[in-house]
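Colleague:
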Amino acid sequence: MSYNPSEIENKWQKIWEDEGAFEPLDDYSKKKKYILSMFPFPSGRLHMGHVRNYSIGDAMARYYRKQDYNVLHPIGWDAFGMPAENAAIKHNRDPKEWTYSNIDYMRKELNSLGLSFSKTREFATCDPLYTKWEQEFIIKMFKEKLLFRESTIVNWCEDCHTVLANEQVEEGCCWRCDNEVEQKEMDGYYLNIIKYSDELLDDLKLLEDKWPSQVLTMQKNWIGKSQGLEFGFKLTNESKEKLENKFDGFEVFTTRPDTIYGVTYTALAPEHPIVKSLIKNSLLDEDVAQKITEISNMSEIERAKADKEGYYLGIDVTHPLTGESIPVWVANFVLASYGGGAVMSVPAHDERDFEFATKYNLPIKRVIEGGDENIAYTNEGNLINSSKLNGISNIKAKIEVIKLMEEKKLGKGTTNFKLRNWGISRQRYWGAPIPFVHCDDCGLVAEKTENLPITLPDDVEITGEGNPLDNHPTWKHCSCPNCGKDAIRETDTLDTFVQSSWYQFRYATNPKKWESCGIDKEDVNYWLGVDQYIGGIEHAILHLLYARFFTKVLRDLDYINIDEPFEKLLTQGMVLKDGKKMSKSIGNTVDPDKLIAKYGADTARLFTLFAAPPTKELEWNDSAVEGSFRFIKKLYDRKNKVTSNTLPIIEHKSLDKNAKEARAKVYDALKKSEVVYQNSFAFNTLIASCMEALNALDKQDNGDVWSEGIYIILHLLEPIIPHITTELSQELFGRANLKNSIKVLDEVFVKDSIVLAVSINGKRRGEIEVDAGASKDEILEMAKASVPKWLEDKKIVKEIVVPNKLVNLVVK
RNA sequence: GCGGAUGUGGUGAAAUUGGUAUACACGCCAGACUUAGGAUCUGGUGCUUCACAGCGUGGAGGUUCGAGUCCUCUCAUCCGCACCA
């Protein structure tokens, strides 16, 4: 009978389902593994990236199950988000109906891959039961002042008609639709991630060697810690009057306190309150005011590309140490969101300041020795023109200036972060409602816990114009949870990244408790951290930073006891075709359904893991898929060679050379499997080893050796190609070889004779076969005899014998 | 600009501590079986050369008996951040 993948695969998928084969046990005395692949967004169909992601995770889960671990390997749906609303706008579909029907379809697709997910722990983040607990966390965070509402300048995507967090802006464009992001001032809800900056940074050390260094570096840079001095510039009396005494001065932050004597001007961001006040009170020339407003309206990316531009504001401050009068400028390169939106400018030692000063003829005062006068000198050196600090190194001066400023109570040493607070409100319908109410008397009030979840209305019109919840005739009208008066419900919904920040804890919580709590501490203590997390590099900052932050917050709110959610992280490479990322618009996609229909799930999984190591990009190749299919067919065919239905006991010495060689290959693969499944994840090399073993088995005809070989190969490949291996294992060995680990027999590696390479001056010139017990002298003698041609008229000056490897003769 | 990676046959890729470079697979070539083959099987396949031999892991040096692997410099490609004061 020939290999029929669909028959075998359907059969086993049904059996696994009936057996409940992949449910984790409640027995918390067992050793555990929590293997998690990032959950999918229910877009409608699986793509090859999913297949790769879940094949990797499934291989690990199945491996550990066989090693007698209690394994949690769950799946669910990251189900809120824009595409559901876009489907509503474009195809007049109800977002809820669209989402859940996509989930139903994709669940079937996942099932057809034979993935060993728990069926009882599946949920969608749009399930009201999930929303309920998320809203509870949000309210708790509000009460602990970790969540607040404020009006700031935000990133606005006009296409998506919503605010975006900083992390969701890529090169000035929306991460979802690639539309250019605008700056806009509006109210929003924020989570105080800045409070956790130091911990988020420091704990990256706990993840060293467990997460890819690239991801750690990206997070480190994103958090962007820098140390320096914060101090104030006081406005001159004249300037103060001009500003109607509304301002005393402004604060600046610098990482170069050593250059403080070199300040020749200061610069404010266009959004700075002083600038706004000047414009508002018409204290600037009309065209200057006009220009500043223009800069304000520019997107960040436009500003970054623009030439340096700025204007003198007609006001001055006093240098805190020299008492000199310093002009105040507005400049397009000063960021409103960092360091208070104001900088001290030292053109002699900062490239940006130098460029600006040169353009506007501002004075340049050198305070560090060295370098070329025609460019900014940013290296180390000794101080000059710096009063009492002259002569000391600038490195020392950094500390001295901070000390001096602190003594004089003019400023303080401080730390600054690039990380901004996480803006979590979205002006969209298909998300979790933010559970707050606006009351004229009580202000912003959290909803009562017993009223949760606050769910979305079903009868909603989604047109793409404005916020559907806000446009809904009745939904937002409610009574104040505090005083009972008429009030307005918040119509913003939560960023979908909030849902994916705690789903790993929800999976770990026993489903029996899902009604009564959001996260069960005992369950989480047993299952977390996630032993292996697998997903795309695109979440290096976004999801992975938010989830780390959320974990620390939930810990501080006493929901859990852990510090980091994901112990180990594997970032899989992209799936490419013709050198490009598979995408619908390019039209180079491969449909997993068709692939499975043609070759079966096992071939799809085998190819995916064989063609490249998981962290690298995977180039799709149709004929290489055929190759994987061929291997499985060959494996299936060789079942006829098996003569024993248990693992035979073999007397190794009695075997012929090819049989010995075959056993060595089989056990090589077994030995390799431990490293691959537990550490390197180089499944491609394990598969290659199994192919070598099968090739070697083909060169001999001992039934016991065949039986042992197939017994072990099926065991090794079950995590990768579960259907065919289980089918054969059932038929040949009653699945005994899939239950436990198999011991490596060292005797099969012992050889009677060894082939050594003979090299002259490091170049391979021949080889010899020596007795396993041969002495060094015997080996050398044979080696010399084997390469007479290369020793003629030469003198051997050195002889090196590397056991089991080679002989090197150095001649002159 | 800053940070992180990656460069090995025609292709995807292997290669403990430095120890026979190119395992495994795809492709290609030849053959067998076949009415036929996009099926299956066997053999071959880094480059130059009739051969001897020489050259080969982006490039140039270095350390070493010996370097894909270690060190220095350099080039190319990819990714991330991007005026963070």
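Numbering (the numbering used here), first residue to last: 28 to 839. Glycine is no exception: its CB is placed at the ideal position from the N, C-alpha and C atoms. Given the structure is predicted, the values throughout are model-derived calculations rather than measurements.
How about T536 and D547: are their beta carbons less than 8 Å apart?
Modeller: Result yes, Cβ atoms of T536 and D547 sit closer than 8 Å.
Colleague: In the DSSP assignment, what are the bridge partners of I180?
Modeller: Looking at the DSSP assignment, I180 forms a beta bridge with E212.
Colleague: Three-state secondary structure (DSSP) at K60?
Modeller: Note: K60 maps to strand in three-state DSSP.
Colleague: Who are the near neighbours of F68 in its chain, counting only those whose CB is closer than 8 Å to its CB and skipping five residues on each side?
Modeller: Excluding positions up to five away in sequence, the list reads W104, D105, A106, G108, P110.
Colleague: Taking contact to mean at least 3 C-beta pairs separated by less than 8 Å, is the segment 525–540 in contact with the segment 34–46?
Modeller: Result no; under three Cβ-Cβ pairs closer than 8 Å.
Colleague: Rounded to whole angstroms, what's the CA-CA distance from Y288 to G556? Just pull it up for me.
Modeller: Computed Cα separation, rounded: 51 Å.
Colleague: Just checking, does the segment 278–292 make contact with the segment 253–262 on the three C-beta pairs under 8 Å criterion?
Modeller: Segments in contact, yes.
Colleague: Thinking N409 and G418 are a contact (beta carbons under 8 Å), I'd like their distance in whole angstroms, please.
Modeller: Correct: roughly 6 Å between the Cβ atoms.
Colleague: Taking the beta carbon of M371 as the centre, do at least 16 other beta carbons fall within 10 Å, making it buried, or is it exposed?
Modeller: M371 is buried by the Cβ-count criterion.
Colleague: In or out: L52 buried (at least 16 other Cβ within 10 Å) or exposed?
Modeller: L52 comes out exposed.
Colleague: Going by the CB atoms, is the gap between L218 and N443 shorter than 8 Å?
Modeller: No, these two residues do not count as a Cβ contact at 8 Å.
Colleague: Would you mind reading off the limits of the beta strand (DSSP E) that contains Y55?
Modeller: Element bounds for Y55: n/a, residue is neither H nor E.
Colleague: May I have the straight-line CA-CA distance separating A638 from E653, to the nearest angstrom?
Modeller: Cα to Cα, the separation comes out at about 12 Å.
Colleague: Let me know the alpha helix (DSSP H) ranges lying completely inside the segment 254–291, each 4 residues or longer, listed in chain order.
Modeller: 264–269, all fully within the segment 254–291.
Colleague: According to the Cβ coordinates, are D214 and S266 closer than 8 Å?
Modeller: In this structure, S266 does not lie closer than 8 Å to D214 by Cβ.
Colleague: What number of angstroms, rounded off, separates the C-alpha of V279 from the C-alpha of A384?
Modeller: About 18 Å.
Colleague: In this structure, how does DSSP classify R72 when only helix, strand and coil are distinguished?
Modeller: Residue state, collapsed to three classes: coil.
Colleague: Among all the DSSP beta bridges, which residues are the ones paired with Y157?
Modeller: Answer is none; Y157 lacks a bridge partner.
Colleague: Along the chain, which unbroken stretches of the alpha helix (DSSP H) at least 4 residues long are found entirely within the segment 730–805?
Modeller: Whole alpha helix (DSSP H) segments, 4+ residues: 730–744, 749–760.
Colleague: Excluding the 5 residues flanking C200 on each side, which residues of the same chain have their C-beta closer than 8 Å to its C-beta?
Modeller: Excluding positions up to five away in sequence, the list reads N206, E207, V208, I328.
Colleague: Less than 8 Å between the C-beta atoms of D522 and R453, yes or no?
Modeller: It is a contact, given that the beta carbons lie within the stated cut-off.
Colleague: Count Cβ pairs between the segment 621–633 and the segment 742–757 that sit closer than 8 Å; are there 3 or more?
Modeller: They touch, by the three-pair rule.
Colleague: Count the CB pairs spanning the segment 355–365 and the segment 289–304 that are closer than 8 Å, and state whether there are at least three.
Modeller: Output reads yes: the segment 289–304 touches the segment 355–365.
Colleague: I think R844 touches N412, with their Cβ atoms under 8 Å apart; what is that distance to the nearest whole Å?
Modeller: Nothing about residue 844 can be reported from this structure: the residues present for the chain run from 28 to 839 only.
Colleague: Quick test of your reading: T578 and V242, contact by CB under 8 Å. State the CB separation rounded to the nearest angstrom.
Modeller: Contact flag wrong, Cβ pair sits at about 16 Å.
Colleague: Mark V824 as exposed unless 16 or more other C-beta atoms lie within 10 angstroms of its C-beta, in which case mark it buried.
Modeller: Exposed.
Colleague: If you follow the alpha helix (DSSP H) that R311 is part of, which residue opens it and which one closes it?
Modeller: Contrary to the premise, residue 311 reads as Leu rather than Arg in this sequence. It is not in any alpha helix (DSSP H) - L311 carries neither H nor E in the DSSP assignment.
Colleague: My assumption, with CB atoms under 8 Å, is that E745 sits in contact with R79. Please give the rounded CB distance.
Modeller: Their Cβ separation, rounded to whole angstroms, is 19 Å, which puts E745 and R79 out of contact at 8 Å.
Colleague: Based on DSSP bridge pairs, tell me the residues matched to M109.
Modeller: BP columns for M109 are empty, so no partner.
Colleague: Do you know offhand how far F463's Cα is from L156's?
Modeller: When rounded, the distance between both Cα atoms is 18 Å.
Colleague: Just to check my reading of the structure: Q526 and A459 have Cβ atoms closer than 8 Å, yes? What is that Cβ distance to the nearest angstrom?
Modeller: Indeed they touch by this definition, with Cβ atoms about 7 Å apart.
Colleague: Here's a check: name, in chain order, each residue in its chain whose Cβ is nearer than 6 Å to the Cβ of A675, leaving out the five neighbours to either side.
Modeller: Going by the sequence as given, residue 675 is Pro instead of Ala. So the qualifying residues of the chain are D731, S734, E735.
Colleague: Taking the DSSP output, what are the residues bridged to L596?
Modeller: Its beta-bridge partners are Y560.
Colleague: Just to confirm my understanding: we take F710, look at its own chain, exclude 5 residues before and 5 after, and list those with CB closer than 8 Å. What are they?
Modeller: Here the set comprises I83, A86, L636, F637, P640, P641, V703, I747.
Colleague: Flag this pair as touching only if the segment 575–590 and the segment 538–552 have three or more C-beta atom pairs under 8 Å; answer yes or no.
Modeller: The segment 575–590, when compared against the segment 538–552, does touch it at the 8 Å Cβ threshold.
Colleague: DSSP state of F164, grouped into three classes?
Modeller: The answer is helix: DSSP assigns F164 an H, G or I state.
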